[in-house]
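J.: Below is the structure I would like to discuss, written out as structure tokens.
Right, dumping it as structure tokens:
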């Protein structure tokens, strides 16, 4: 089945048990809840999914779990980022073999590549891919900025059809669409609602781990119904959650919130620590404000 890659996509947390091992039962339960809440797509093994703290076999197990649980109901893009081109290709091929609808790939994030190295990296990956690739631009974590002019060059490679633009500069959406001349669709990152208003056709969100129904409704009201009055109401409702998970505690705060609302997925994997107890009262206050407690 071919899915349309459009709408609100959750960049999923990974479930761990009390010993820090992959918890596939909890992962499957969380996945099914997301689908039943109406989310438009799922992205396991992104930054929020703690992919850097997982082995290849663990990533493979999570990918298989999510894809099998979704069972074709919505698209699944697999996070496939890694430092080496060869490892990315391995991740892409594993994801496609398991039935993922595509992959999301952050640039190499340790040894900062030159422009030419970046282009060669993605060219090699694209030649080994048979399904859509979503570039992931997050210079705050990758130390690489996929500026609109670079994105325009990358858009000529086969299957490089999407980008998650996760800077705070919403004008990037406008510029990417202009420079790529129809070859690239843009998904917002942090600035989802604002990105919709600039022409984005989707949103890769952390907060939709917690409020998937409301996040997908924001997309529908903004981009489909074009009811900006209703969209603004939804945006104001979910804004405390966007802010909660927008800082450096995006994993620990998300997992703590999910436990509070009855969808436990365990703690972050070491070296990350759970949300400090001193911050739990504020977390609970936010959850009450948005109607989850």
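Residue numbers (my numbering): 1 to 293. Virtual Cβ for every residue (Gly too), placed ideally from N, Cα, C. Owing to the predicted nature of the structure, the values given are computational and were not obtained by experimental measurement.
1. The alpha helix (DSSP H) spanning residue 127 covers which residue range?
2. Return the chain-ordered list of same chain residues with a C-beta closer than 7 angstroms to the C-beta of residue 176, the five sequence neighbours on each side being excluded.
3. Would you grab the beta carbon distance between residue 85 and residue 109 for me? Rounded to a whole angstrom, and I think it's under 8 angstroms.
4. Could you name the residues of the same chain whose beta carbon sits closer than 6 angstroms to that of residue 303, not counting the 5 residues immediately before and after it, in chain order?
5. Contact between the segment 237 to 249 and the segment 277 to 290: three or more CB pairs below 8 angstroms?
6. Leaving out the 5 sequence neighbours to the left and right, which residues in its chain are closer than 6 angstroms to residue 244 when beta-carbon positions are compared?
7. Measuring straight from C-alpha to C-alpha, what distance separates residue 78 and residue 52?
8. Would you say residue 82 and residue 104 are within 8 angstroms of each other, going by their C-beta atoms?
9. Our contact map puts residue 12 next to residue 49 with C-beta atoms below 8 angstroms; I'd like the distance itself, whole angstroms only.
10. Any idea which residues DSSP pairs residue 138 with across the strands?
11. Helix, strand or coil, according to DSSP, for residue 133 in the structure here?
12. Do residue 100 and residue 76 have their C-beta atoms closer together than 8 angstroms?
13. Alpha helix (DSSP H) containing residue 154: first to last residue?
T.: Well, looking at it:
1. 115 to 127
2. Contacts found: 148, 151, 163, 165, 184, 186.
3. With 8 angstroms as the limit, residue 85 and residue 109 do not qualify as a contact, their Cβ atoms being about 13 angstroms apart.
4. With the chain running from 1 to 293 in the structure shown, residue 303 is simply not present.
5. yes
6. If you ignore the 5 residues before and after residue 244, its C-beta comes within less than 6 angstroms of the C-beta of 253, 286, all in its own chain and listed in chain order.
7. Roughly 14 angstroms separates the two Cα atoms.
8. Cβ atoms of residue 82 and residue 104: not closer than 8 angstroms.
9. 5 angstroms
10. Paired residues: none, contrary to the question.
11. Residue 133 falls in the strand class under three-state DSSP.
12. yes
13. 148 to 154
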